[in-house]
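> My questions will all concern the structure given below.
In full-length UniProt numbering, the protein residues as written are 1 to 122.
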């Protein structure tokens, strides 16, 4: 946009438009900082219910079930353990996983290595 060729009135209108865009971006940034994003809302609902359906989450947040499914995918990729119970309801399992030293191998790991080596030998 060539501001030098604009009239004073056009410049004022453009400035107001840009101010609106800036305010919107600032609001979005603040919203993401405070954790009020959709993903945080879904996580809060999972934490406050022992189990909850995608439809219940969608109705509570007034969004589509597809949006809720996407948010669940994002939460899983962030490391949250979200499972589906036999009734199709979502369950968040939050437990602290104890770290084992890297040099220590568990029997399961050793068994997996043996299986892989056996398959490669064939």
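Quick reminder that beta carbons are idealized off the backbone N, C-alpha and C, glycines included.
1) Rounded to whole angstroms, what's the CA-CA distance from residue 26 to residue 19? Just pull it up for me.
2) Under a three-way DSSP split, which group does residue 7 fall into?
3) Identify the residues that DSSP records as bridge partners of residue 90: which are they?
4) Please state whether DSSP places residue 18 in a helix, a strand or coil.
5) For residue 89 versus residue 63, is the C-beta spacing smaller than 8 Å?
6) Can you find the residues in the same chain that come closer than 6 Å, C-beta to C-beta, to residue 116, ignoring five residues on each side of it along the sequence?
7) Is residue 71 buried or exposed, if buried means 16 or more other CB atoms sit within 10 Å of its CB?
8) With a cut-off of 8 Å on the beta carbons, I'd call residue 55 and residue 41 a contact; round off their distance for me.
9) How far does the alpha helix (DSSP H) with residue 77 in it extend, from its first residue to its last?
10) Taking the CB atoms as reference points, tell me whether residue 23 and residue 43 lie closer together than 8 Å.
According to the structure shown:
1) 10 Å
2) coil
3) In DSSP, residue 90 forms a bridge with 52, 84.
4) helix
5) no
6) Bear in mind that a pLDDT of 41 at residue 116, under 50, signals an unreliable position, so the number given afterwards is only what the model happens to contain. Closer than 6 Å at Cβ, skipping near neighbours: no residue.
7) With 16 or more other Cβ atoms within 10 Å, it is buried.
8) Going by Cβ atoms, the distance from residue 55 to residue 41 rounds to 15 Å, so no, they are not a contact pair.
9) 65-77
10) no
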